[in-house]
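Take a look at the structure set out below.
Numbering (the numbering used here), first residue to last: 4 to 83.
Right, dumping it as structure tokens:
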């Protein structure tokens, strides 16, 4: 089952090596909805990112985190 949220959710991000990271949310059409974070993340530091989707329609979105040494995607579902 996909993670369901309404209208807020949190993401935690930890990296092994200090690096620049960008975290973005896309809709299923591949359009960028928002950039949650774009900056440097320190090694082994837990970072919490809040996503408020109150202004978005219900649906499935893709959370994408990209760094210098990794790329991760995860689907999330907004149900209002």
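Backbone N, C-alpha and C define an ideal beta-carbon position, used for all residues, glycine too.
Spatial neighbours of residue 77 within its chain, please: CB distance less than 6 Å, with the 5 preceding and 5 following residues excluded, ordered by chain position.
Along the chain shown, one-based indexing puts residue 77 at 74. Only 66 meet the Cβ criterion.
Near residue 41, what residues of its chain come up, given a Cβ to Cβ distance below 7 Å and the 5 sequence neighbours on each side ignored?
Residue mapping note: residue 41 aligns to position 38 of the chain shown, counting from 1. Result list for residue 41: 25, in chain order.
DSSP bridge partner residues for residue 42 (one or two, in chain order):
Counting from one through the chain shown, the residue named residue 42 turns up at place 39. Residue 42 pairs with 24.
Residue environment, residue 35, which counts as buried when at least 16 other CB atoms sit within 10 Å
Against the chain shown, residue 35 aligns to sequence position 32. Under this definition residue 35 is an exposed residue.
Residue span of the beta strand (DSSP E) that contains residue 34, given as start and end
What you label residue 34 is simply residue 31 of the chain shown in a count that begins at 1. Run containing residue 34: none; DSSP gives neither H nor E here.
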